[in-house]
Amino acid sequence: MVVLANKVNYYKWGGIDVAFAWRPDLSVGFDEIDDQHKELFARVNTLLEATSQGKGKEAVGRTISYLGQYVASHFGTEERHMARSQYPEVSSHKAQHVQFTNEFSTIKKKFEAEGPTSQLTILIQRQVCDWLINHIGKTDKALGAFLRAKA
Ligand SMILES: [Fe+2]
Ligand SMILES: [Fe+2]
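Heads up: the sequence shown at position 40 corresponds to 986 in this note's numbering, and the numbers run straight through without jumps.
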């Protein structure tokens, strides 16, 4: 990992540098969820690149909605699996999704008011990237293990 001057942490991924990439140690052991996480990381990466490369407000705004839509549908997938399998940790897991959704809408409002500032890039890294790694690493992994055991 190299820290570049624009404060985005770049990772080597398939020979190229990307700002944010899914890693095999984040696998939850359940393909449908892993595939969605990979797509989620790709969309976060697109957003980080757009903000850090100084793309215009309209272009960055598109990547924010593109990510927001995917997050909502991904949480929906996990919540359907939790309901279907009568997952015992459903309420605390769902509460974390709600918390993220609220934080994301705060970021969106900040963007609408101020545009793609460097502060926004830092906020995305702290609140979106860190949250995802933490949530997937603990909460989603626990769900994945449960679904696998039930399968
Ligand atoms: Fe989750
Ligand atoms: Fe997830």
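Idealized CB from N, CA, C, for every residue including glycine.
In chain order, what residues of the same chain lie with their CB nearer than 7 angstroms to the CB of residue i, ignoring the 5 residues before and after it?
{"i": "GLY975", "result": "GLY1090, ALA1091, ARG1094"}
{"i": "LYS1040", "result": "GLU1025"}
Can you say whether residue i is buried or exposed, counting buried as having 16 or more other CB atoms within 10 angstroms of its CB?
{"i": "GLN1071", "result": "buried"}
{"i": "ASP1086", "result": "buried"}
{"i": "PRO970", "result": "exposed"}
{"i": "ASN991", "result": "buried"}
{"i": "SER1019", "result": "exposed"}
{"i": "VAL1044", "result": "exposed"}
{"i": "ILE1068", "result": "exposed"}
{"i": "GLU1024", "result": "buried"}
{"i": "THR1009", "result": "buried"}
Keeping to the same chain, check which residues put their C-beta closer than 8 angstroms to that of residue i; ignore five residues upstream and five downstream.
{"i": "GLN1042", "result": "HIS1081, THR1085"}
{"i": "SER1031", "result": "PHE1092, LEU1093, LYS1096"}
Below 8 angstroms, is the gap between the Cβ of residue i and the nearest heavy atom of ligand 2?
{"i": "ILE1068", "result": "no"}
{"i": "LEU986", "result": "yes"}
{"i": "ILE979", "result": "yes"}
{"i": "HIS1027", "result": "no"}
{"i": "GLN982", "result": "yes"}
So, with DSSP's three-state summary, where would you put residue i?
{"i": "ALA967", "result": "coil"}
{"i": "PHE1046", "result": "helix"}
{"i": "GLU1035", "result": "coil"}
{"i": "LYS892", "result": "This structure does not reach residue 892, given that the chain is present from 947 up to 1097, and the question cannot be answered."}
Leaving out five residues on either side along the sequence, give the residues of the same chain with a beta carbon under 6 angstroms from the beta carbon of residue i.
{"i": "GLY1061", "result": "LYS1003"}
Check whether the Cβ of residue i lies closer than 9 angstroms to any Cβ atom in chain C.
{"i": "THR1067", "result": "This model lacks chain C altogether; it includes just one protein chain."}
Pocket of ligand 1 defined by Cβ to heavy atom distance under 7 angstroms: So the residues near ligand 1 by this Cβ test are PHE1021, GLU1024, HIS1039, GLN1042, HIS1043, HIS1081, THR1085, ASP1086, LEU1089.
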